[in-house]
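Input: a single structure, listed below in structure tokens.
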Amino acid sequence: MALSLGWHIILACFGVAFPAMIFAMHVIGIRRKDDTALELAKRWSKVSAVLFAIGAVSGTVLSFEMGVLWPGLMGTYGDVLGLPFAFEGLAFFLEAIFLGIYLYGWGRMPPRRHVLMVLPMAVTGIIGAYCVLAVNAWMNAPVGFDIVDGEVANVEPWAVLFNQQSFLQFAHMWLGAYMVAGFCVAGVYAVGLLRGRRDRHHRLGFLVPFVFASVAAVAQPFMGHVLGAGLDERQPAKLAAFELAETTESPSPLRIGGLLVDGEVKWAIDIPRLGSLLAMNSPDEPVPGLDTIPEEDHPPVNLTHLAFQTMVGIGSLLMLAVVVFWIARRRGRDLLENRWFLRFAAVAGPLAVIALEAGWIATEVGRQPWIVYGVMRTPEAVGDYTASLWWLLGITSVVYTAMTIGAVVVLRSMARRWREGATDLPSPYAPAAHADAGAEEAVR
């Protein structure tokens, strides 16, 4: 499940954020009569279609895994989680419909109507992601049901869909999606600029996604801080693991690095008081330590702590980089002419992916040993696959390896043909190409 979710979440980021970037580029092209912007929007729509198709496969695998691998969870709480999953499936199909209309509408629809087809893609992508995040938020802070005589009763599915943690967790993930998609797309053009392709195509292709990524990178630390407020009450063990708080100290230091070895913190750099200030919004209120929590409720502390600090560290680095870029640009210095900045921009996408994965490791591993916090432990939810588990993992690994290779081959092939001068790559299952040329010109 970790392998499947960790792979799929990258494509989900593009499903959430890429349509907005395509829409912005397409609008620039229409308003400024900019053929370069229109060509970029058209190419990005082709890339989006490839990623969407692969994401459909990985998402299908995930849906089967939810039922097959976690019968205790879905069998017990299926009534609670059914509504968000149903809406997610509906949003997925609607997104596919409008992606198809947009993809095949080039030259066949009036331009101003055509560009509006991107908006339903963006909205449905957001709705689908929100529904999945609502389920995960529910696993961290369960609401909307009662346990009566050992059975789930009084189910309120709307409470699951619209609880406060769902909104906050989605906002955090939404910004993360724009960072991943924005920095990854901008990084492609940063590599082109490094190779001497300093034309408008590459500069515009860099700047538009970089603007989206910049806004998300600056807003993300503040959103993360808001999401973490009250974690000492909701999940004190997770907070203690985040902060590597082995004991309760007042005021608590901020620990950078370090590991918990035989109940003792080693190799950490402590900054006095900063832990209390950041985690508790107080200069002296202590972070609850692991010594206040039963040992059987401790998560894997070192993995949780290192994943959390990796997320925060990379996020802070990316925020600093975009602030420096825009300050320099405001002062008249173009960092797109600086090879060191372009090198950093080229790796910013992979760094954003690492931060995203680290964030999910922190929140999921930090919730252990609970799959539904305080209600159901993970061993109670998982099926008995002692004999076949490694076969299932092996098959899943082969499937995702094949999809990764396929995605790389297809996208590199598309990029090569575009560099060679191809202006319009054929789309699979497109309408017949022998339409009357005069009618097509009239539509344009």
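First residue of the sequence shown? That's 368 in my numbering, and the numbers climb one at a time after it.
Note that the Cβ used here is the ideal one computed from N, Cα and C, for glycine as well.
| Item | Value |
| --- | --- |
| C-alpha gap between Val585 and Ala688, whole angstroms | 10 Å |
| Residues that DSSP places opposite Leu621 in a beta bridge | Ile638 |
| Separation of Ser764 from Val714, as counted between CA atoms | 25 Å |
| Cβ-Cβ distance between Ile762 and Met506 below 8 Å | no |
| Member of Val417, Phe452, Lys413, Trp634 whose CA lies at the smallest distance from the CA of Phe431 | Phe452 |
| Rounded straight-line distance, which links the Cα of His665 to that of Arg734 | 9 Å |
| Which of helix, strand or coil DSSP assigns to Glu523 | coil |
| Identity of the residue in Gly726, Val582, Leu407 nearest Gly591 by Cα | Gly726 |
| Beta-carbon gap between Ile493 and Val383 smaller than 8 Å | yes |
| The segment 590–606 / the segment 537–547 touching (three or more Cβ pairs under 8 Å) | yes |
| Which listed residue (Asn530, Leu657, Pro620) has its alpha carbon closest to that of Thr614 | Leu657 |
| Val742 - DSSP class collapsed to helix/strand/coil | coil |
| Counterpart residues of Val482 in DSSP-defined beta bridges | Val482 pairs with nothing; no bridge assigned. |
| DSSP three-state assignment for Trp374, whether helix, strand or coil | helix |
| Span separating the alpha-carbon of Glu808 from that of Gly474 | Note on Glu808: pLDDT 43, under 50, position unreliable in the model; the coordinate value appears next. Each residue's alpha carbon lies about 8 Å from the other. |
| contact_flag[the segment 745–760, the segment 701–721] where n(CB pairs < 8 Å) is 3 or more | no |
| Closer than 8 Å to chain D by CB, Ile377 | Among the protein chains of the structure shown there is no chain D, as only one such chain exists. |
| 8 Å Cβ cutoff met for Leu598 and Leu606 | yes |
| Whole beta strand (DSSP E) elements within the segment 707–774, 3-residue minimum | 737–739 |
| Own chain partners of Glu747 with C-beta closer than 8 Å, once the 5 adjacent residues on each side are dropped | Gly439, Ile738 |
| Buried/exposed call for Asn503, threshold 16 Cβ in 10 Å | buried |
| Buried versus exposed call for Leu759 [16 or more other C-beta atoms within 10 Å across all chains shown] | exposed |
| Segment limits, beta strand (DSSP E) that includes Ile421 | Counting along the chain, Ile421 falls outside any beta strand (DSSP E), though it belongs to the alpha helix (DSSP H) covering 402–436. |
| Straight-line gap, Asp701 to Arg398 (C-alpha atoms, nearest Å) | 25 Å |
| For Tyr740 and Gln602, the rounded distance between their alpha carbons | 8 Å |
| Helix, strand or coil at Glu662 according to DSSP, with G and I counted as helix | helix |
| Straight-line gap, Val558 to Arg710 (C-alpha atoms, nearest Å) | 8 Å |
| Inter-residue CB distance, Ala729 and Phe692 (contact presumed, cutoff 8 Å) | Actually they are not in contact, since the Cβ atoms of Ala729 and Phe692 sit about 28 Å apart, beyond 8 Å. |
| Three-state class that DSSP yields for Glu631 in the structure shown | strand |
| Cβ-Cβ distance between Gly396 and Ala404 below 8 Å | yes |
| Three-state secondary structure (DSSP) of Val810 | Low per-residue confidence applies at Val810: pLDDT is 40, beneath 50, and the placement is therefore not dependable, though the value from the model is reported in the following sentence. Looking at Val810 - three-state DSSP - the assignment turns out to be helix. |
| Alpha carbon of Pro798 to alpha carbon of Leu461, nearest angstrom | Any reading at Pro798 needs caution, since the residue's pLDDT is 49, under 50, leaving its predicted position unreliable; the model's value is listed next. Each residue's alpha carbon lies about 20 Å from the other. |
| Close-in-space but distant-in-sequence residues of the same chain around Ala774 (CB under 8 Å, 5 per side omitted) | Val417, Leu418, Ile421 |
| Contact under 8 Å by Cβ, Ala501 with Ser533 | yes |
| Reference Thr427, options Arg410, Tyr444, Ser617, Phe459, closest by Cα | Phe459 |
| For Glu652, the three-state DSSP class (helix, strand or coil) | coil |
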